[in-house]
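Q: Note that this note's numbering has the sequence shown beginning at 76, numbered continuously upward. No residue lacks a Cβ here, since even glycine has one placed at the ideal position from N, Cα and C. A single structure is presented below for examination.
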Amino acid sequence: MTSLVKRVLLTFTMVPALFALIYFLPHYQHLAFAILAVVVTAYGSYEVKTLAFSGEEKPLIPFWLPAFLPAAEYIEMALDFSIPIAESILFVLIALSFTIEIKRGERDHFKLSMHRISRTLFLIIYPGFFALFLVRILSFEYATELLLLLFLLVFANDVFAYVFGMSFGKTNRNIVEVSPNKSMAGFIGGTISAMILGLLFVRFVPSMHALFTWWEALVIGFVSSLASILGDLIESTFKRSAGKKDSGTIMMGRGGLLDSIDSLLITAPFYMFFTTLFSL
């Protein structure tokens, strides 16, 4: 089975399953999606650990602790706490890392302290902190529709960028060194497709039609597409730095889990900002 066939099979099985989970299981403020976000964050943190730390080198905190960030965000939202639990846990994780290095640094007389601290902070932020914004969307009035639109825009950009790149990008590739197979045709095709699908979604879904104007839908589609492209390039940078082609092997035809959610992680904060801005 070729890589392309595996990629297509994954897309046509996992994407509908995700959409079904969001649409048919909105109970308890999308608890099922929140649990999925926590699990994905934990495994994504494991893949980051393998990229950022080699051999016997270990992060200053267990790799799975950043998964508490999206979990805390859901608890804060579901129980309507006035205390910013997620931000508090973020501070605790950072402060804990700094504190542990006070003792860990004695092993090499603190020569590599900044090295260990910076990589551990990277582990905390990516994907843990970015995943927090996915859960934060659940607090919106039309959380189901907004989640579906977000995933539609990200997946549409990915799929159509691949299609347009394969069809029209043979002579305009290598526009960014970190990912030489990316083409201008793919960038343009993915962006335009996401904008059109975003416009159609807002036009034909009643709750979204009442929430956004047509030009706001185009802006959300445009920004989400650019952020999605940026997310893919950012993760490519991480992998290049680690000397690896993929972040892992768990996803059939796509490599690691991070290889499938990299665009989503960077898009979520931008998407949340603009949807909040336009719905005020």
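Could you tell me how far apart the beta carbons of A343 and L165 are, in whole angstroms, since I believe they sit closer than 8 angstroms?
A: That belief does not hold up - the Cβ atoms of A343 and L165 are roughly 16 angstroms apart, past 8 angstroms.
Q: In terms of DSSP beta bridges, what is M326 paired with?
A: Answer is G330.
Q: If I'm right that G240 touches A260 with Cβ under 8 angstroms, what's the distance once you round it to whole angstroms?
A: Their Cβ separation, rounded to whole angstroms, is 6 angstroms, which keeps G240 and A260 in contact under 8 angstroms.
Q: Under the three-state reduction of DSSP, which class applies to S282: helix, strand or coil?
A: In the structure shown, S282 sits in a helix (DSSP, three-state: H, G or I).
Q: Going straight from the alpha carbon of K314 to that of D321, what length do you get?
A: Approximately 7 angstroms between the Cα atoms of the pair.
Q: Taking the alpha carbon of L224 as the point to measure from, which residue in R182, D183, H284 has its own alpha carbon closest?
A: For L224, the nearest C-alpha among the options comes from H284.
Q: Starting from the Cα of A153, find the closest Cα among L221, E310, A109, I263 and give me that residue.
A: Answer by Cα proximity: A109.
Q: Can you have a look at F156 and say buried or exposed, based on whether 16 or more other CB atoms are within 10 angstroms of its CB?
A: Label assigned to F156: exposed.
Q: By the 10 Å Cβ neighbour count, where 16 or more other Cβ atoms means buried, how is L126 classified, buried or exposed?
A: Buried, since its Cβ has 16 or more Cβ neighbours within 10 Å.
Q: Do you know how far the Cα of L275 is from the Cα of S214?
A: Each residue's alpha carbon lies about 24 angstroms from the other.
Q: Report the three-state DSSP secondary structure of S258 (helix, strand or coil).
A: It is a strand residue.
Q: Are the region 137-149 and the region 199-207 in contact at 8 angstroms, needing three or more beta carbon pairs?
A: Cβ pair count under 8 angstroms is three or more, so yes.
Q: Tell me where the alpha helix (DSSP H) around G119 begins and ends.
A: Unbroken alpha helix (DSSP H) run through G119: 102-127.
Q: Straight-line CA distance for A161 to Y149?
A: The straight-line gap from Cα to Cα measures roughly 9 angstroms.
Q: Here's a check: name, in chain order, each residue in its chain whose Cβ is nearer than 6 angstroms to the Cβ of P101, leaving out the five neighbours to either side.
A: Closer than 6 angstroms at the Cβ level, and outside the excluded window around P101, lie T219.
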